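Novice: Chains as they are written, first to last, in UniProt numbering: chain Z, 1 to 462; chain P, 1 to 462.
Even glycine gets a Cβ: it sits at the ideal position worked out from N, Cα and C.
Predicted model only: the values in this text are computed from it and were never measured.
After the structure tokens below, expect a handful of questions from me.
What follows is the structure, given as structure tokens:
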């Protein structure tokens with residue numbers, strides 16, 4: 001009732017279905033039914049034929065407000081140029097904060113793998129000297145962090161002047177800025193299929209189309225790039241060459257060279273997503289495309305989210321200075337720059353050697369988890385699916401022998417307490433893949449969740 | 001030359017004019033000319049008739065790359081759906097980080113007014129206990145920060161459940177999310193004229209049009225709201241009722257009541273920007289519109305940027321839960337949430353009483369600065385302009401007796417080391433206002449800068 005009188009539930013708002021309300025309010029069905037009965041009796045809500053239950057137009061004191069009750073937020077919710085997330089992604093975003101679910105595909109390190117103690121030391125270091133005032137940072141981001149990122153990039157072979165680096169709120173914001181700032185509506189991006197990019201709406205909301213290209217275990221197949229680029233008048237090629245999301249594949253050295261040559265002939269810019277490149281577990285991947293870039297044709301994205309701290313929201317874009325300045329201008333318009341506290345902590349994190357030290361520890365733990373998942377898959381999935389063991393990153397791309405209705409599988413798994421990242425998030429037409437992550441769920445959860453998942457898949461094969 | 005071989009200056013890039021290059025590189029004209037001569041001799045740059053100077057298509061080793069040199073970033077820079085900032089705003093954003101300029105209109109507290117020492121204590125408090133892992137936060141933002149914001153809002157009369165609060169990266173991001181999430185292309189927003197909103201592109205880039213309404217010393221004039229809303233089929237009314245940016249005006253209590261009644265009749269939602277409402281200097285302003293909102297019709301924006309710390313990038317939107325969830329979904333797509341470190345610090349900042357304590361100190365210092373500026377204006381501007389002394393916020397809106405070409409004034413002032421926020425940023429047709437800020441420049445800078453400004457204005461009156 002407080003929700004109605006404080007107008008968090010405004011007059012005219014449609015209530016969610018009862019099952020959903022129980023979940024939201026954390027009450028059981030019979031409590032809810034009683035409460036709704038009381039609200040209806042007081043005239044605060046009303047049922048409408050075919051329209052579900054709505055909040056009636058009343059004031060906090062019980063009288064109707066004015067002549068025209070305001071109930072048209074419902075219309076506004078369907079307006080706006082930005083697409084909503086896919087329903088499945090919305091569900092995942094919300095459900096990830098529900099306690100008790102086993103998250104089998106989550107793309108971040110488990111809290112236990114994050115460097116809590118080291119980050120506390122970083123904060124203590126920052127607090128030991130008087131803080132610089134937390135003013136707005138320069139449009140490109142704090143100079144000290146850009147210098148630190150420049151030094152870090154050199155380790156993977158990328159020589160980048162701090163003036164050619166833009167600090168972003170995670171790599172996701174980098175994608176958003178590029179979508180808004182460099183590509184006209186109606187242009188086309190070539191990309192691997194499946195790809196992480198299909199699961200987000202940064203480009204589609206900006207009116208950019210996708211054209212997916214096939215991959216094999218050596219990465220993007222280069223044979224069709226030229227024809228497809230010409231056919232679609234492509235504006236850009238997006239690729240995740242190292243520990244690809246969702247497949248875990250590494251583009252091999254020859255393929256990287258070929259991609260650079262073919263796109264060089266075409267004059268096609270490349271957007272290289274390096275989010276996972278530091279997370280090698282067996283041996284470092286070949287140098288990033290940006291390290292091979294002689295023409296200033298590659299934009300390179302990096303992030304601290306995958307290895308060090310998703311919550312810091314620190315990523316970067318490397319590219320030619322005029323491009324970086326254009327993107328910085330849009331960033332200033334979007335949020336006026338990343339948190340200066342996060343930037344301060346990130347610079348100390350990189351400069352203080354914490355990052356390298358943490359990567360060594362994290363790699364060891366991820367290797368153990370990868371091996372643990374490998375054994376579980378071998379024990380429970382050999383009849384159902386095939387998979388490859390990735391050389392780094394977080395993901396195992398499970399290929400089911402037989403197609404399964406993935407939305408139905410998602411729902412069935414959720415009822416059993418398992419949260420899945422199904423293949424259709426990364427390739428709309430897919431019906432036989434799951435993205436599994438060994439980075440998030442605990443070994444104990446995996447040893448309960450994966451056998452349960454195998455059972456649910458068996459039940460849902462057509 | 002390093003800029004060229006690292007491809008930060010890619011082949012085909014147009015170089016900036018020489019004066020601009022001197023500034024960017026921090027060298028004098030003769031050094032630059034010598035350097036450009038060396039580059040041209042080595043064939044690294046070339047002049048083109050009518051096209052300025054460009055980087056030629058060469059490899060780091062001096063050979064031309066492939067058959068087709070890549071030089072078309074220039075085209076990409078003119079693409080994209082998001083408008084660039086106004087040239088004057090771009091210049092301001094860049095110049096604000098140039099040392100030595102006196103910033104007479106900057107909308108943030110001077111570094112010396114920011115609570116550096118208190119923020120260091122907050123960090124020390126955070127570092128004294130093991131940090132929670134810095135994972136992604138919930139889509140709406142950290143629950144503890146939302147509870148703290150809810151308690152803070154109650155002080156200004158707004159009762160907001162934490163589930164109806166979305167944490168954003170500053171209030172600017174709130175505007176961006178609303179523009180992308182709730183308004184279709186081609187819709188119209190009513191707003192005060194002049195307004196801060198004219199100086200940013202969040203709404204225009206989303207295809208939203210503006211219709212400005214006049215103000216007097218009591219705030220927005222309400223007489224034309226209804227007719228203008230019907231004529232334009234307005235989707236929303238944007239207002240800054242307390243310490244309006246750029247005029248400093250406070251909407252009086254009766255006017256607030258009238259705005260609520262008129263828009264209530266029309267069923268018109270309100271976007272209330274409360275960025276400055278805590279910064280009263282004489283007495284608190286009347287309660288915000290959100291506190292009068294019986295119908296869940298007002299979205300309210302708040303921020304820590306103006307009083308406590310621009311660099312934390314913490315703001316919030318308060319509104320009906322379905323609206324907040326829609327905006328949170330877009331935020332997840334945009335940057336996956338605000339920095340969790342900033343959120344942690346902000347929650348401690350509010351809960352630990354630091355905020356209230358700092359506000360008391362800040363109000364005292366702003367009062368002194370306001371008085372200092374008042375005296376300088378009286379001494380140097382009485383023949384040139386009129387102004388009102390605001391009851392809070394940062395700004396004095398200087399009304400020149402005679403029109404002045406404001407772009408020319410901006411340039412002339414810049415040459416004298418003064419950075420101005422001219423009236424045309426806030427009302428495109430304006431030619432007789434300046435937004436002065438007593439919050440940023442030091443008293444010493446003000447006592448040099450304001451007399452100098454008076455002289456420059458005199459020279460530029462037509």
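Tell me which residues share the same chain as residue 291 of chain P and place their Cβ nearer than 6 angstroms to its Cβ, disregarding the 5 neighbours each side in the sequence.
Specialist: 157 and 158, listed in sequence order.
Novice: Taking buried to mean at least 16 other C-beta atoms within 10 Å of its own C-beta, is residue 98 of chain P buried or exposed?
Specialist: So residue 98 of chain P ends up on the exposed side.
Novice: Determine the burial state of residue 371 of chain Z: buried for a count of at least 16 other Cβ atoms within 10 Å of its Cβ, exposed for fewer.
Specialist: That one is exposed.
Novice: Give a yes or no on whether the C-beta atoms belonging to residue 272 of chain Z and residue 304 of chain Z are separated by under 8 angstroms.
Specialist: Contact: no.
Novice: Given a limit of 8 angstroms on CB to CB distance, which residues of the segment 429-443 of chain Z reach chain P?
Specialist: Those residues of the segment 429-443 of chain Z that come within reach of chain P (Cβ to Cβ, closer than 8 angstroms) do not exist; the list is empty.
Novice: Would you kindly check if the distance between the Cβ of residue 167 of chain Z and the Cβ of residue 338 of chain Z is under 8 angstroms?
Specialist: Yes; because the gap between Cβ atoms is below 8 angstroms, this pair is in contact.
Novice: Determine the DSSP secondary structure at residue 433 of chain P, reduced to helix, strand or coil.
Specialist: Note: residue 433 of chain P maps to strand in three-state DSSP.
Novice: Which residues does DSSP list as the beta-bridge partners of residue 211 of chain Z?
Specialist: The partner list for residue 211 of chain Z (beta bridge, DSSP) reads Z:190.
Novice: Which residues, in order along the segment 165-191 of chain Z, keep a beta-carbon less than 9 angstroms from a beta-carbon of chain P?
Specialist: So the close ones are 168, 169, 170, 172, 173, 176, 177, 178, 179, 180, 181, 182, 183, 184, 185 and 187.
Novice: So, helix, strand or coil for residue 74 of chain P, using DSSP?
Specialist: Here residue 74 of chain P sits in helix by DSSP.
Novice: Between P:430, P:405, P:258 and P:193, which lies nearest to residue 458 of chain P when the distance is taken from Cα to Cα?
Specialist: Out of P:430, P:405, P:258 and P:193, P:405 has the C-alpha closest to the C-alpha of residue 458 of chain P.
Novice: By a C-beta neighbour count over all protein chains shown, 10 Å radius and 16 as the cutoff for buried, is residue 356 of chain P buried or exposed?
Specialist: Classification for residue 356 of chain P: exposed.
Novice: Comparing C-alpha positions only, which one of Z:282, Z:259 and Z:265 sits nearest to residue 288 of chain Z?
Specialist: The shortest C-alpha separation from residue 288 of chain Z is found at Z:259.
Novice: Could you tell me whether the Cβ atoms of residue 398 of chain P and residue 381 of chain P are closer together than 8 angstroms?
Specialist: Yes, Cβ-Cβ distance for residue 398 of chain P and residue 381 of chain P is below 8 angstroms.
Novice: I'd like to check one pair, residue 396 of chain P with residue 482 of chain P: are the Cβ atoms closer than 8 angstroms?
Specialist: In the structure as shown, chain P begins at 1 and stops at 462. Residue 482 of chain P is therefore absent and cannot be evaluated.
Novice: Please return the same chain residues whose Cβ sits closer than 6 angstroms to the Cβ of residue 472 of chain Z, not counting the five positions on each side in sequence.
Specialist: With chain Z covering 1 to 462 only, the question about residue 472 of chain Z has no answer from this structure.
Novice: Around the Cβ of residue 402 of chain P, are there at least 16 other Cβ atoms within 10 angstroms (buried) or fewer (exposed)?
Specialist: Classification of residue 402 of chain P: exposed, given that the 10 Å Cβ count is below 16.
Novice: Mind listing which residues of the segment 304-324 of chain P have their C-beta closer than 7 angstroms to chain Z's C-betas, in chain order?
Specialist: Per Cβ criterion, the list reads 309, 310, 311, 312, 313, 320, 321, 322 and 323.
Novice: Going by alpha carbons, who is nearest to residue 307 of chain Z out of Z:171, Z:409, Z:436 and Z:408?
Specialist: Checking every option, the nearest Cα to that of residue 307 of chain Z belongs to Z:171.
Novice: Straight-line CA distance for residue 328 of chain Z to residue 174 of chain P?
Specialist: Rounded to whole angstroms, residue 328 of chain Z to residue 174 of chain P spans 18 angstroms at the Cα level.
Novice: If you measure from the beta carbon of residue 273 of chain P to each beta carbon in chain Z, is any gap under 8 angstroms?
Specialist: For residue 273 of chain P, the answer is no, since every Cβ of chain Z falls outside 8 angstroms of its Cβ.
Novice: Of all Cβ atoms in chain P, is any one closer than 8 angstroms to the Cβ of residue 238 of chain Z?
Specialist: No, residue 238 of chain Z does not count as interfacial toward chain P.
Novice: Tell me, please, whether the segment 331-348 of chain Z touches the segment 133-140 of chain Z by the rule of three or more beta-carbon pairs shorter than 8 angstroms.
Specialist: In short, these stretches touch, since the Cβ pair count reaches three.
Novice: By the 8 angstroms beta-carbon criterion, what residues does the segment 356-374 of chain Z contribute toward chain P?
Specialist: Those would be none; no residue qualifies.
Novice: Using DSSP with H/G/I as helix, E/B as strand and the rest coil, what is residue 46 of chain P?
Specialist: Strand.
Novice: Extract the residue ranges of the alpha helix (DSSP H) inside the segment 246-273 of chain P, only unbroken runs of 4 or more that lie entirely within it.
Specialist: Qualifying alpha helix (DSSP H) stretches, in chain order: 253-266.
Novice: Take every Cβ of the segment 405-422 of chain P, pair it with every Cβ of the segment 432-439 of chain P, and state whether three or more of those distances are shorter than 8 angstroms.
Specialist: With the cut-off at 8 angstroms, the segment 405-422 of chain P and the segment 432-439 of chain P touch.
Novice: Use the C-beta contact count for residue 227 of chain Z: other C-beta atoms within 10 angstroms, 16 or more gives buried, fewer gives exposed.
Specialist: Looking at its Cβ environment, which holds fewer than 16 other Cβ atoms inside 10 Å, residue 227 of chain Z is exposed.
Novice: Using the rule of at least 16 other Cβ atoms within 10 Å of the residue's Cβ for burial, across every protein chain shown, is residue 282 of chain Z buried or exposed?
Specialist: With fewer than 16 Cβ atoms within 10 Å of its Cβ, residue 282 of chain Z is classed as exposed.
Novice: Can you find the residues in the same chain that come closer than 8 angstroms, C-beta to C-beta, to residue 237 of chain Z, ignoring five residues on each side of it along the sequence?
Specialist: Excluding positions up to five away in sequence, the list reads 189, 190, 191, 225, 229, 259, 263, 268, 269, 270 and 271.
Novice: Drop a sphere of 10 angstroms on the beta-carbon of residue 425 of chain P, count the other beta-carbons inside from all chains shown, and report buried for 16 or more, exposed for fewer.
Specialist: Residue 425 of chain P is buried by the Cβ-count criterion.
Novice: Just checking: is the beta-carbon of residue 445 of chain P within a distance shorter than 8 angstroms of some beta-carbon in chain Z?
Specialist: No, no contact with chain Z.
Novice: From this set, P:138, P:243, P:447 and P:200, which residue's C-alpha is nearest residue 217 of chain P's C-alpha?
Specialist: Ranking P:138, P:243, P:447 and P:200 by Cα distance to residue 217 of chain P puts P:243 first.
Novice: Report the three-state DSSP secondary structure of residue 382 of chain P (helix, strand or coil).
Specialist: Reduced to three states, the DSSP call for residue 382 of chain P is coil.
Novice: In its own chain, which residues sit with a C-beta less than 7 angstroms from the C-beta of residue 193 of chain Z, not counting the 5 before and 5 after it?
Specialist: Taken in chain order, the residues that qualify are 212, 213, 214 and 427.
Novice: Going straight from the alpha carbon of residue 125 of chain P to that of residue 352 of chain P, what length do you get?
Specialist: Going from the Cα of residue 125 of chain P to the Cα of residue 352 of chain P covers about 10 angstroms.
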